[in-house]
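98 is the number that the working numbering gives to position 41 of the sequence shown; each next residue is one higher, with no gaps.
Beneath this line is the structure, given in structure tokens, with notes to follow.
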Amino acid sequence: MTAANSSFPDLWRAALAQGPSRPFLTYYDDHTGERVELSYATTDNWVAKTANLIQDELALAPGEEIAVLLPTHWQTPIWLLACWIAGVAASVGEDPAAVERAAAVVAGPDRLDDALACRGERIALALRPLGAPFQQVPAGFTDYAAVAPAQPDSFAAYTPVGPDVPALIADGKTWTQAELARDAVEAAARWNLGPGSRVLAGCGFASRPEIRAALTSELAAGASLVLCRNVDPARLPGRMAAEKVNARVTSLGQGGGGAGGTAEGTLGVLSVD
58 MTAANSSFPD LWRAALAQGP SRPFLTYYDD HTGERVELSY ATTDNWVAKT ANLIQDELAL
118 APGEEIAVLL PTHWQTPIWL LACWIAGVAA SVGEDPAAVE RAAAVVAGPD RLDDALACRG
178 ERIALALRPL GAPFQQVPAG FTDYAAVAPA QPDSFAAYTP VGPDVPALIA DGKTWTQAEL
238 ARDAVEAAAR WNLGPGSRVL AGCGFASRPE IRAALTSELA AGASLVLCRN VDPARLPGRM
298 AAEKVNARVT SLGQGGGGAG GTAEGTLGVL SVD
């Protein structure tokens, strides 16, 4: 870990610099038949637009909190990355108190009732194919798909994001930018991830172990992610071959201490033979 990646914006820029045209995220939903592929450059565009929305439209400053109520979906990493790039803390999980105290909330269709507890700004994502907007915007919410496209394609924080700024609130704990970045670098090394790694994941992003295994460790290595929702097991072997998957997020057993586990959880990334 060096000063060059002591905050998450630095970590993201380092991954982007390894080759913007490289694939970052390939998403499948076996119920809808949807497939979305995002390069690092395309992801950076989405992240910039979302970070500008957070900074300018929501008027949130570093250290403030957004409750993220989103499922396994390609737009969930976009929102997490945008929060960290803008210096805003993302809170994830099932804690109702987080929604109540947050300055803003972003929610998918299944979590809109929960999101109403937020007294700040409420953003709704339809999670429809191709990022389509709601056919009817839910009352009390702003449709992300209606406001994000107009945001600038590049992002510059008004206040530099320092290493001690809170970045993630999950599992009853808070992690700073530096802690999140350092943890990602250490996990990537522990799991032998590199720029050529193609990691299959079917988990969500509602806990620190999930986020470590299915997002931040890949970024630290400049790797790419194949994210699957509503997984049809019969399709997995062919998909893994077609996508050249060479590692996957999996349970490492109980205790968290062996085979790459950690004290915070037992999800990890293992090579695929």
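Glycine is no exception: its CB is placed at the ideal position from the N, C-alpha and C atoms.
For my contact list, residue i and residue j are in at a C-beta cut-off of 8 Å; report their separation, rounded to the angstrom.
{"i": "Gly279", "j": "Ser64", "result": "17 Å between Cβ atoms; not a contact."}
{"i": "Gly144", "j": "Thr199", "result": "That belief does not hold up - the Cβ atoms of Gly144 and Thr199 are roughly 21 Å apart, past 8 Å."}
{"i": "Ser328", "j": "Ala304", "result": "5 Å"}
{"i": "Ser281", "j": "Pro80", "result": "5 Å"}
{"i": "Trp248", "j": "Gly325", "result": "6 Å"}
{"i": "Phe212", "j": "Ala108", "result": "4 Å"}
{"i": "Ala333", "j": "Pro166", "result": "Residue 333 lies beyond the stretch modelled for the chain, which goes from 58 to 330, so this question has no answer here."}
{"i": "Pro195", "j": "Ala181", "result": "5 Å"}
Note down, in chain order, each residue of its chain lying with its Cβ closer than 7 Å to the Cβ of residue i, except the 5 sequence neighbours on either side.
{"i": "Thr89", "result": "Pro186"}
{"i": "Ser78", "result": "Ser96, Ala98"}
{"i": "Leu110", "result": "Val204, Ala205, Gln208"}
{"i": "Ala174", "result": "Pro153, Val156, Glu157"}
{"i": "Arg168", "result": "Leu126"}
{"i": "Asp330", "result": "none"}
{"i": "Val288", "result": "Asp87, Gly259"}
Identify, in the order they occur along the chain, each residue of the same chain with its Cβ nearer than 8 Å to the Cβ of residue i, setting aside the five sequence neighbours on each side.
{"i": "Leu73", "result": "Tyr97, Ala98, Asp101"}
{"i": "Asp171", "result": "Leu126, Pro153, Val156, Ala164"}
{"i": "Gln311", "result": "Confidence is the limiting factor: at Gln311 the pLDDT is only 49, short of 50, which leaves the residue's position unreliable, though a coordinate-based value still follows. Contacts found: Thr323."}
{"i": "Glu236", "result": "Ala224"}
{"i": "Gly120", "result": "Gly144, Val145, Ala146, Val222, Pro223"}
{"i": "Cys260", "result": "Thr129, Glu267, Ala270, Ala271, Val306, Leu324"}
{"i": "Ala61", "result": "Any answer about Ala61 is weak, because its pLDDT of 49 lies below 50 and its placement is not dependable; what the coordinates show is given next. So the list reads Asp67, Ala71, once near-sequence residues are dropped."}
{"i": "Arg286", "result": "Tyr84, Tyr85, Asp86, Asp87, His88, Pro128, Thr129, His130, Gly259"}
{"i": "Asp210", "result": "Asn102, Ala105, Lys106"}
Going by C-alpha distance, which of the options is nearest residue i?
{"i": "Arg292", "options": "Ala214, Asp87, Ala155", "result": "Asp87"}
{"i": "Leu82", "options": "Ala271, Ile123, Ala154", "result": "Ala271"}
{"i": "Pro252", "options": "Leu284, Gln208, Val242, Glu121", "result": "Val242"}
{"i": "Ala124", "options": "Val204, Ala299, Gly150, Cys285", "result": "Gly150"}
{"i": "Ala71", "options": "Arg296, Asn303, Glu275, Leu282", "result": "Glu275"}
{"i": "Leu115", "options": "Thr129, Cys140, Trp131", "result": "Cys140"}
{"i": "Ala105", "options": "Ala160, His130, Asp167, Ile142", "result": "Ile142"}
{"i": "Ala160", "options": "Arg168, Gly177, Pro166, Leu169", "result": "Gly177"}
{"i": "Arg179", "options": "Leu117, Leu138, Val222", "result": "Leu117"}
{"i": "Ala202", "options": "Ala246, Asp67, Trp103, Ala277", "result": "Trp103"}
{"i": "Val138", "options": "Leu184, Pro294, Pro66", "result": "Residue identity differs from the one stated: residue 138 is Leu in this sequence, not Val. Residue Pro66 is the option with its Cα nearest to Leu138."}
{"i": "Gly295", "options": "Thr273, Ala277, Leu309, Leu257", "result": "Leu257"}
{"i": "Leu250", "options": "Gln234, Ala277, Lys230, Asn287", "result": "Ala277"}
{"i": "Gly197", "options": "Lys230, Met297, Val162", "result": "Val162"}
{"i": "Glu91", "options": "Trp136, Gln193, Leu284", "result": "Leu284"}
What residues match up with residue i in a beta bridge as DSSP calls it?
{"i": "Gly325", "result": "Thr307"}
{"i": "Glu91", "result": "Asp86"}
{"i": "Pro223", "result": "Thr233"}
{"i": "Ile111", "result": "Bridge partners of Ile111: none, in fact."}
{"i": "Leu126", "result": "Ala164"}
{"i": "Ser96", "result": "Pro80"}
Return the chain-ordered list of same chain residues with a C-beta closer than 6 Å to the C-beta of residue i, the five sequence neighbours on each side being excluded.
{"i": "Lys301", "result": "Arg255"}
{"i": "Gly76", "result": "none"}
{"i": "Ile226", "result": "Ala146, Ser148"}
{"i": "Leu264", "result": "Note on identity: in this sequence residue 264 is Ser, with Leu being the wrong assignment. So the qualifying residues of the chain are Ala227, Asp228."}
{"i": "Thr307", "result": "Leu327"}
{"i": "Gln112", "result": "Ala143"}
{"i": "Val93", "result": "Tyr84, Trp131"}
{"i": "Trp69", "result": "none"}
{"i": "Ala244", "result": "Arg269, Ser274"}
{"i": "Phe191", "result": "Ala183, Asp200"}
Should residue i be listed as close to the ligand HEM, given that the test is whether its C-beta is under 6 Å from any heavy atom?
{"i": "Asp167", "result": "This structure does not include the ligand HEM; it has no bound ligands of any sort."}
If you scan the stretch 239-321 from start to end, which runs of the beta strand (DSSP E) of 3 or more residues do you find wholly inside it? 255-258, 281-286, 304-308
Report the start-end ranges of each beta strand (DSSP E) in the stretch 136-216 that is 3 residues or longer and not cut off at the edges. 146-148, 161-164, 178-181
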